[in-house]
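2 protein chains.
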Amino acid sequence: MSENASTVAELLQSNFDNLTRAERQLSHSLMENYPVSGLGSITTVAQNASVSTPTVARMVQKIGFKGFPEFQAALRKEVEATISDPIAKHETWADQAPNEHIVNKFTEAVIDNIRHSLGQLDIDTFEKSCELMADTNRSLFIVGGRITRAMADYFFLHMQVLRKDVTHIQSISNAWPHYLLDIKKDDVVVIFDVRRYENSTLKLAEMAAEAGAKIILFTDQWLSPISKLAHHTFSLKIVVPSAWDSSVTTMLLVETIIADVQKRTWPETRERMEELEVMFDRTRFFRKFT
Amino acid sequence: MSENASTVAELLQSNFDNLTRAERQLSHSLMENYPVSGLGSITTVAQNASVSTPTVARMVQKIGFKGFPEFQAALRKEVEATISDPIAKHETWADQAPNEHIVNKFTEAVIDNIRHSLGQLDIDTFEKSCELMADTNRSLFIVGGRITRAMADYFFLHMQVLRKDVTHIQSISNAWPHYLLDIKKDDVVVIFDVRRYENSTLKLAEMAAEAGAKIILFTDQWLSPISKLAHHTFSLKIVVPSAWDSSVTTMLLVETIIADVQKRTWPETRERMEELEVMFDRTRFFRKFT
DNA sequence: GCAAATATGAAGAAAAAGTTTCAGAAATGA
DNA sequence: TCATTTCTGAAACTTTTTCTTCATATTTGC
Numbered sequence: 001m002s003e004n005a006s007t008v009a010e011l012l013q014s015n016f017d018n019l020t021r022a023e024r025q026l027s028h029s030l031m032e033n034y035p036v037s038g039l040g041s042i043t044t045v046a047q048n049a050s051v052s053t054p055t056v057a058r059m060v061q062k063i064g065f066k067g068f069p070e071f072q073a074a075l076r077k078e079v080e081a082t083i084s085d086p087i088a089k090h091e092t093w094a095d096q097a098p099n100e101h102i103v104n105k106f107t108e109a110v111i112d113n114i115r116h117s118l119g120q121l122d123i124d125t126f127e128k129s130c131e132l133m134a135d136t137n138r139s140l141f142i143v144g145g146r147i148t149r150a151m152a153d154y155f156f157l158h159m160q161v162l163r164k165d166v167t168h169i170q171s172i173s174n175a176w177p178h179y180l181l182d183i184k185k186d187d188v189v190v191i192f193d194v195r196r197y198e199n200s201t202l203k204l205a206e207m208a209a210e211a212g213a214k215i216i217l218f219t220d221q222w223l224s225p226i227s228k229l230a231h232h233t234f235s236l237k238i239v240v241p242s243a244w245d246s247s248v249t250t251m252l253l254v255e256t257i258i259a260d261v262q263k264r265t266w267p268e269t270r271e272r273m274e275e276l277e278v279m280f281d282r283t284r285f286f287r288k289f290t
Numbered sequence: 291m292s293e294n295a296s297t298v299a300e301l302l303q304s305n306f307d308n309l310t311r312a313e314r315q316l317s318h319s320l321m322e323n324y325p326v327s328g329l330g331s332i333t334t335v336a337q338n339a340s341v342s343t344p345t346v347a348r349m350v351q352k353i354g355f356k357g358f359p360e361f362q363a364a365l366r367k368e369v370e371a372t373i374s375d376p377i378a379k380h381e382t383w384a385d386q387a388p389n390e391h392i393v394n395k396f397t398e399a400v401i402d403n404i405r406h407s408l409g410q411l412d413i414d415t416f417e418k419s420c421e422l423m424a425d426t427n428r429s430l431f432i433v434g435g436r437i438t439r440a441m442a443d444y445f446f447l448h449m450q451v452l453r454k455d456v457t458h459i460q461s462i463s464n465a466w467p468h469y470l471l472d473i474k475k476d477d478v479v480v481i482f483d484v485r486r487y488e489n490s491t492l493k494l495a496e497m498a499a500e501a502g503a504k505i506i507l508f509t510d511q512w513l514s515p516i517s518k519l520a521h522h523t524f525s526l527k528i529v530v531p532s533a534w535d536s537s538v539t540t541m542l543l544v545e546t547i548i549a550d551v552q553k554r555t556w557p558e559t560r561e562r563m564e565e566l567e568v569m570f571d572r573t574r575f576f577r578k579f580t
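As they're listed, the protein sequences go chains A and B.
Residues 1 to 290, numbered by my numbering, are exactly what the first sequence covers, in order.
Residues 291 to 580, numbered by my numbering, are exactly what the second sequence covers, in order.
This is the structure we're talking about:
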């Protein structure tokens, strides 16, 4: 090989473009639990990646080895190096970059946010909230602010597939009265509000509360004033080395909730998804599945 | 074997008394560079210990394995444990909930996605991409798909503050020609495209490429077909225990990029942010800072 | 020191792993 | 859409590994 790559991982990466679909699948499987996943027989490796043995044989040749045994020998050497050098344990996330690189610093902070936020998460709040959101007898309204609107949109997009009666309250202030007309007692209003708490969002929360709706709030560790009106509050740590706050933790929680609600509404959701499938097919919106 | 030893090393030790001369020699050789030294073929292992292959075969049976392959499988498992343990796997994130609770399962998967994606991240791609996006001589266009539109919107929201000439290409297909008119040579087009790759997005990418724009692509591990047109591609792992894919990793990377671009454009950005401050004050958009 | 018991490795048999071929499947391009 | 190219895995084939046999070497007990 002309590359001067020193590890199999690097070889896999630098040749990724030249790999075929099955080979990429294999490549990913190998990286999955690198480098141990490549230590079994060629048959085992193939099975783990759900490809055939010839694919394995072909790929290792493609990335520069004479054959599978040579490839495996290289892996063994790496394992040896990793094991005998205890300091080289992954402390960095992007190991191509130094510890101080922003990618690693930022990720470090985000992981810390996640650890912190989940450590504080009240499971009962989580369960109860999911239950409310899965209850199709209640209409569901979703509201975001200036920055959190993307989050609200993302949540809406998924909930819309999972269940009926979901509304994204989008525009700022003007159109709200119309939405508010529709909010009935015991409906559920999900609000995203993080610091630089917005007046208008607070106003909407107040009106929703007056209408007798259940409010579920996603906010930061400093708690939006809406928390006084909310039935369930998720407070998340959002601090990162940036002029901005991070939404990663919020998104993690939102996705987890989506997964949980989906479990709860599965019979209904299943039908909806199948119908959606058919419609996508008919509109040729997507490419053929790859 | 009657022993309840859990590692090969323990088996070797507890059976040491019953071993013959050649077998002890082999045992020492194995412990020498444990457990990697036992990972080669039976012939290699035998040669390293200066004994014959039958000796190896006999000994592994003596200490309780059915044959050499089984012995080696046990070793591999130990290697795997040694390598993957220090990265603190199977950590409970929400400690109020059991390990199997969806919150923990989901988070585990997301962290794994992050680790995996960043491990593969090419730093040069990262730097070059940030440089392109920070270059105000180039107009910046941002495009998302059905699901990724929220992501695109989030990115747009921030970039809009950081620099001038940022456009979010929102609607599907109809309004594109107008946007495309504005895309000039060397402009930057950021595209989000994950599986269920969308035909329309691909078309747009093609047209942008024809116009001579630089394409930066955020996609999943299976690579959107746009990757062939893209100058820089970020492939992220997005698999979670859900019917949906996760956008958390993408968001992490997007936020990191925002932070980095901000550093690069700080002088210009600072002014913009201050002006924005003033405008917010005047519109009383936010509550007083709490 | 010598017979009996045990251990050892060369050589070949059996089994498994690795490689190559090739026909059908999938993707691509016109 | 259809022809062409490329990819993929079943199956045949080759190589290597693993296991077994057995003759020779070594140790042990007396």
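All C-beta atoms, glycine included, are put in the ideal place defined by N, C-alpha and C.
- Residue-level contact check: E300 of chain B does not touch chain A, since none of the beta carbons of chain A fall below 7 Å from its beta carbon.
- A399 of chain B places its beta carbon less than 7 Å from that of V530 of chain B.
- Within chain A, the C-beta atoms nearer than 9 Å to that of L447 of chain B come from R146, I147, R149 and A150, in chain order.
- Nearest CB-CB separation between E255 of chain A and chain B: below the 7 Å threshold.
- With a threshold of 7 Å between beta carbons, T372 of chain B makes contact with chain A.
- Excluding residues up to 5 positions away in sequence, S317, L320, M321 and I353 lie with their Cβ nearer than 7 Å to the Cβ of L302 of chain B in the same chain.
- Contacts with chain B at 7 Å (Cβ-Cβ) include A97 of chain A.
- When Cβ-Cβ separations below 7 Å define contact, I392 of chain B makes contact with chain A.
- Residue range H232 to L236 is occupied by the beta strand (DSSP E) that includes T233 of chain A.
- The beta carbons of F482 of chain B and M441 of chain B sit closer together than 7 Å.
- For the stretch 105-126 of chain A, the beta-carbon criterion of a distance under 8 Å to any beta-carbon of chain B is satisfied by F106, T107, V110, I111, I114, R115, L118, G119, L121, D122, I123 and F126.
- Taking 7 Å as the CB threshold, S532 of chain B lines the interface with chain A.
- Nearest to L470 of chain B by C-alpha distance, out of B:E370, B:N489, B:Y487 and B:A495, is B:A495.
- Relative to the Cα of I226 of chain A, the nearest Cα in the group A:L252, A:T256 and A:V189 belongs to A:V189.
- Judged by beta-carbon spacing, A364 of chain B lies within the 7 Å limit of V298 of chain B, meaning their Cβ atoms are closer than that value.
- Contacts with chain B (Cβ-Cβ distance below 7 Å) from the stretch 50-78 of chain A involve R76, listed in chain order.
- A Cβ-Cβ distance of about 7 Å is found for the pair G357 of chain B and V350 of chain B, placing them in contact under the 8 Å criterion.
- Straight-line measurement puts the Cα of N48 of chain A at about 32 Å from the Cα of A339 of chain B.
- Counting only runs of at least 4 residues, the stretch 465-509 of chain B fully encloses the following alpha helix (DSSP H) elements, listed from N- to C-terminal order: 466-472 and 489-500.
- In terms of beta-carbon proximity, Q170 of chain A stays away from the interface with chain B, with every pair separated by 7 Å or more.
- Against chain B, the beta carbon of H232 of chain A has no neighbour under 8 Å; the closest one sits roughly 15 Å away.
- At a cut-off of 7 Å between C-beta atoms, D245 of chain A does not count as an interface residue with respect to chain B.
- Judged by DSSP in its simplified three-state form, H458 of chain B adopts strand.
- C-alpha of R485 of chain B to C-alpha of L513 of chain B: approximately 8 Å in a straight line.
- Among the residues facing chain A, A384 of chain B is included, as its CB has a counterpart in that chain under 7 Å away.
- For I142 of chain A, the three-state secondary structure derived from DSSP is strand.
- In this structure, F508 of chain B lies near T540 of chain B, with their beta-carbon atoms less than 7 Å apart.
- Look at S117 of chain A here: in three-state DSSP terms it is helix.
- Not a single CB atom of chain A sits nearer than 7 Å to the CB of Y469 of chain B.
- Annotation: I432 of chain B to F446 of chain B spans about 7 Å, alpha carbon to alpha carbon.
- In this structure, the CA atom of N137 of chain A is about 51 Å from the CA atom of K418 of chain B.
- With distances taken between CA atoms, C420 of chain B lies nearest to B:H522 out of B:D476, B:H522 and B:N389.
- Straight-line spacing of the CA atoms in F65 of chain A and A22 of chain A works out to 18 Å.
- Rounded to whole angstroms, L411 of chain B and S52 of chain A show a C-alpha spacing of 28 Å.
- Straight-line spacing of the CA atoms in H116 of chain A and I102 of chain A works out to 21 Å.
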